[in-house]
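Worksheet: one structure, shown below.
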Amino acid sequence: MSPFSLHSHPLAGFVVLAMKERLTFFDQGSCSVYGQVAYHDFEGIAEEADEAPKIFSDLGDKFTMIMRNHGLLTIGRTIA
Numbered sequence: 586m587s588p589f590s591l592h593s594h595p596l597a598g599f600v601v602l603a604m605k606e607r608l609t610f611f612d613q614g615s616c617s618v619y620g621q622v623a624y625h626d627f628e629g630i631a632e633e634a635d636e637a638p639k640i641f642s643d644l645g646d647k648f649t650m651i652m653r654n655h656g657l658l659t660i661g662r663t664i665a
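All letters in the sequence shown, in the order written, are residues 586 to 665 by our numbering.
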């Protein structure tokens with residue numbers, strides 16, 4: 586697992602976070618993350634013993650996750 590993570594609750598992203606559908610990519614800029622976004626149906630805080638394994642499982646080999654109805658998560662090897 587990567588040593589750095591960033592989790593946020595962006596005001597501008599709440600509409601996207603509430604969508605059941607996955608992201609749709611329409612331009613070249615968005616294609617840079619095509620196929621690299623994981624999705625997780627948020628069920629509770631990650632400190633709950635059964636939630637963290639589900640998050641890791643849904644993240645798989647991706648570095649970015651949309652936690653539906655909750656927030657965003659991104660991980661990386663470095664902080665840069």
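We treat Cβ as the ideally placed atom computed from N, Cα and C, and that holds for glycine.
Leaving out the 5 sequence neighbours to the left and right, which residues in its chain are closer than 7 Å to residue i when beta-carbon positions are compared?
{"i": "R607", "result": "Y624"}
{"i": "Y619", "result": "F610"}
{"i": "N654", "result": "L602, A603 and F627"}
{"i": "L591", "result": "T659"}
{"i": "L645", "result": "One point to set straight first is that residue 645 is Gly, not Leu, in the sequence displayed. Counting only Cβ-Cβ distances below 7 Å, and skipping sequence neighbours, we find A623."}
What are the boundary residues of the alpha helix (DSSP H) that includes residue i?
{"i": "L602", "result": "F599 to L602"}
{"i": "L644", "result": "E636 to L644"}
Assuming residue i and residue j are in contact, meaning their beta carbons sit under 8 Å apart, how far apart are those beta carbons, in whole angstroms?
{"i": "T649", "j": "Q621", "result": "6 Å"}
Residues in the same chain with beta-carbon distance under 6 Å from residue i, minus the five sequence neighbours each way, listed in chain order, please.
{"i": "H594", "result": "G656"}
Output the boundary residues of the beta strand (DSSP E) element that contains residue i.
{"i": "L658", "result": "G656 to G661"}
{"i": "F589", "result": "F589 to S593"}
{"i": "D626", "result": "V622 to D626"}
{"i": "T649", "result": "T649 to R653"}
Can you find the residues in the same chain that come closer than 8 Å, C-beta to C-beta, to residue i, ignoring five residues on each side of it along the sequence?
{"i": "I630", "result": "E636"}
Counting only beta-carbon atoms, is residue i nearer than 8 Å to chain B?
{"i": "S590", "result": "Going by chain labels, chain B is absent from the structure shown, which holds only one protein chain."}
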